[in-house]
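Taken in sequence, the protein lines are chains A and B.
Be aware that the first sequence starts at 3, since it is given in our numbering, and climbs by one per residue.
Be aware that the second sequence starts at 3, since it is given in our numbering, and climbs by one per residue.
Working notes for the structure below.
There are 2 protein chains.
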Amino acid sequence: MEDAVDMRTRNRQATREAISTAALRLALERGPEGLALVRVRDIAEAAGVSPRTYNNYFSSREEAICAFQSDQARRLGQALLERPADEPLGQAVTAAVTEYYGTAEPDRAGLRMIMCTPALEGEALKAFTTAEGPLAEAIAERTGGDELFARVMAAAVAGAIRVAGRHWIERDDSEPFASILRRALAHVTAAA
Amino acid sequence: MEDAVDMRTRNRQATREAISTAALRLALERGPEGLALVRVRDIAEAAGVSPRTYNNYFSSREEAICAFQSDQARRLGQALLERPADEPLGQAVTAAVTEYYGTAEPDRAGLRMIMCTPALEGEALKAFTTAEGPLAEAIAERTGGDELFARVMAAAVAGAIRVAGRHWIERDDSEPFASILRRALAHVTAAA
DNA sequence: CCACAACTTGCGCGCCACGCACATAGTGCG
DNA sequence: CGCACTATGTGCGTGGCGCGCAAGTTGTGG
Numbered sequence: 003m004e005d006a007v008d009m010r011t012r013n014r015q016a017t018r019e020a021i022s023t024a025a026l027r028l029a030l031e032r033g034p035e036g037l038a039l040v041r042v043r044d045i046a047e048a049a050g051v052s053p054r055t056y057n058n059y060f061s062s063r064e065e066a067i068c069a070f071q072s073d074q075a076r077r078l079g080q081a082l083l084e085r086p087a088d089e090p091l092g093q094a095v096t097a098a099v100t101e102y103y104g105t106a107e108p109d110r111a112g113l114r115m116i117m118c119t120p121a122l123e124g125e126a127l128k129a130f131t132t133a134e135g136p137l138a139e140a141i142a143e144r145t146g147g148d149e150l151f152a153r154v155m156a157a158a159v160a161g162a163i164r165v166a167g168r169h170w171i172e173r174d175d176s177e178p179f180a181s182i183l184r185r186a187l188a189h190v191t192a193a194a
Numbered sequence: 003m004e005d006a007v008d009m010r011t012r013n014r015q016a017t018r019e020a021i022s023t024a025a026l027r028l029a030l031e032r033g034p035e036g037l038a039l040v041r042v043r044d045i046a047e048a049a050g051v052s053p054r055t056y057n058n059y060f061s062s063r064e065e066a067i068c069a070f071q072s073d074q075a076r077r078l079g080q081a082l083l084e085r086p087a088d089e090p091l092g093q094a095v096t097a098a099v100t101e102y103y104g105t106a107e108p109d110r111a112g113l114r115m116i117m118c119t120p121a122l123e124g125e126a127l128k129a130f131t132t133a134e135g136p137l138a139e140a141i142a143e144r145t146g147g148d149e150l151f152a153r154v155m156a157a158a159v160a161g162a163i164r165v166a167g168r169h170w171i172e173r174d175d176s177e178p179f180a181s182i183l184r185r186a187l188a189h190v191t192a193a194a
């Protein structure tokens, strides 16, 4: 049989990831202070592409740096959508979330970078908000037609994940991220 | 007694507002499509200052355009903080919010501009998030020391306001914004 | 009245996003 | 297999932007 995906798209995803990981790595090296020193040509060079190509994938350094977070949020939304439809909302949300963060802790340095660097704040919020669309869809499937309620809940869940992340990187105690996340989610799913 | 505020800061606030108002007005004229055509020099000229001065107040066009929304969020947070401490949380939130949006409807065109223009998405989210800090503080005052809960609730409330705004600008039925907002808030304050 | 501080402005530099045109490589069809 | 076709990488040029720097200007306080 032919490849699951053709070579074009495989290469495309590969370069995209190469660029974003290079961008994040460089940002971490320079630190939040010296983020302005992460030049586009550095990212491109580190990813092995031309600066012009970098710009075909991302239209700003911030976007490239936060791409991983954004993709993760997108996958989280998908995961919730693929849960059995008869599962109660709170359970489904917790399960879908734990599926990601339960097994492996997120990258602490990376998360701290994108959440504590003012220049990245906008992109970081965009990334976390990415999950709201699918989330709202999945919630609407379970609770019926109240669109407003679904969106409010989706925003609350996404906000809870974001706040949990912030707490996790601020406190240095060893409470695992999944634990904080569960507590945060419990506060919002109580309304469901 | 001396002036409540000295001339320096009065002028400063005046120019800041002149710039942001001019920026929003121009953005509305050009429309979401032609936002790229709103050049810095246009904003500066419309505000009666030099381009360099514009840049002393805002470090991007997006920031200038969304400044009003951002300021409003800041004031909302303050309003909640100044509510009587013995008022129940849900009531206080609703009251503080109604104090703003109950009397006068927000500017529909302006809100639609900053919420439906992709290039402004990041700044818009930053603006709405601005209220979370004061909100969390006010909530923590009422519910005791659970920092995580306070922040989660604050994010949920801010998210509810944002979602309500989105609903309001999407539907053209004549349900007033305050009404939608109350319904949205009811869904999250139920958890309090 | 005067020294000081805050603010504005012009200038210049480096960087960046992006349109355009061309080269190259993967793909599908006869 | 060979040949059009299309998607993608890249170089170049352009317009614009953010900001540091160094005057010039205008409140402010002693």
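Virtual Cβ for every residue (Gly too), placed ideally from N, Cα, C.
Quick caveat, the model's predicted, so the values are computed rather than measured.
- No Cβ of chain B is located within less than 8 angstroms of the beta carbon of residue 139 of chain A.
- DSSP places residue 124 of chain B in the helix class (H, G or I) of the three-state scheme.
- Non-local C-beta neighbours of residue 137 of chain B in its own chain, meaning closer than 7 angstroms and more than five positions away in sequence, comprise 79, 82, 156, 159 and 160, ordered along the chain.
- Against residue 153 of chain B, the close residues of chain A are 165, 168 and 169, in the order they occur along the chain (beta-carbon pairs closer than 8 angstroms).
- Note that the region 132–149 of chain A does not touch the region 136–155 of chain B; fewer than 3 beta-carbon pairs, one per stretch, sit closer than 8 angstroms.
- Interface criterion not met: the Cβ of residue 17 of chain B is under 8 angstroms from no Cβ in chain A.
- Under the three-state reduction of DSSP, residue 76 of chain B is assigned to helix.
- Interface criterion not met: the Cβ of residue 100 of chain B is under 8 angstroms from no Cβ in chain A.
- Taking the C-beta atoms as reference points, residue 55 of chain B is found no nearer than 8 angstroms to residue 48 of chain B.
- Inside the region 17–84 of chain A, DSSP marks no whole beta strand (DSSP E) run of 3 or more residues.
- Under the 10 Å beta carbon count, residue 22 of chain B is surrounded by 16 or more other beta carbons and is classified as buried.
- Considered as a whole, the region 136–166 of chain B harbours no complete run of any alpha helix (DSSP H) with no fewer than 4 residues.
- With respect to the 8 angstroms criterion, residue 116 of chain A and residue 74 of chain A are not classified as neighbours on the basis of their beta carbons.
- Among the residues of chain A, those whose CB is under 8 angstroms from the CB of residue 185 of chain B are 150, following chain order.
- By alpha-carbon distance to residue 166 of chain A, the top candidate from A:150, A:174 and A:184 is A:184.
- Within 9 angstroms of the CB of residue 92 of chain B, no CB atom of chain A is found; the nearest one sits about 11 angstroms away.
- Around the C-beta of residue 11 of chain A, fewer than 16 other C-beta atoms lie within 10 Å, and the residue is accordingly described as exposed.
- Contacts with chain B (Cβ-Cβ distance below 7 angstroms) from the region 108–134 of chain A involve 123, 124, 125, 127, 128 and 131, listed in chain order.
- Between residue 154 of chain A and residue 50 of chain A, the alpha-carbon positions lie close to 43 angstroms from each other.
- The beta carbon of residue 113 of chain B sits closer than 6 angstroms to those of 167 and 171, all from its chain and outside the five residues before and after it, given in chain order.
- Contacts between residue 161 of chain A and chain B, judged by CB atoms closer than 8 angstroms, involve 154, 157, 158, 160 and 161 in chain order.
- Contact between residue 182 of chain A and residue 130 of chain A is ruled out by a C-beta separation of about 15 angstroms, above the 8 angstroms threshold.
- With distances taken between CA atoms, residue 105 of chain B lies nearest to B:179 out of B:179, B:169 and B:16.
- Boundaries for residue 176 of chain B: no alpha helix (DSSP H) harbours it, and the DSSP string shows neither H nor E there.
- Counting the other CB atoms within 10 Å of its CB gives residue 38 of chain B a total below 16, which places it among the exposed residues.
- Within its own chain, the residues whose Cβ lies closer than 7 angstroms to the Cβ of residue 68 of chain A, once the five positions on either side in sequence are excluded, are 116, 122, 125, 126 and 129, listed in chain order.
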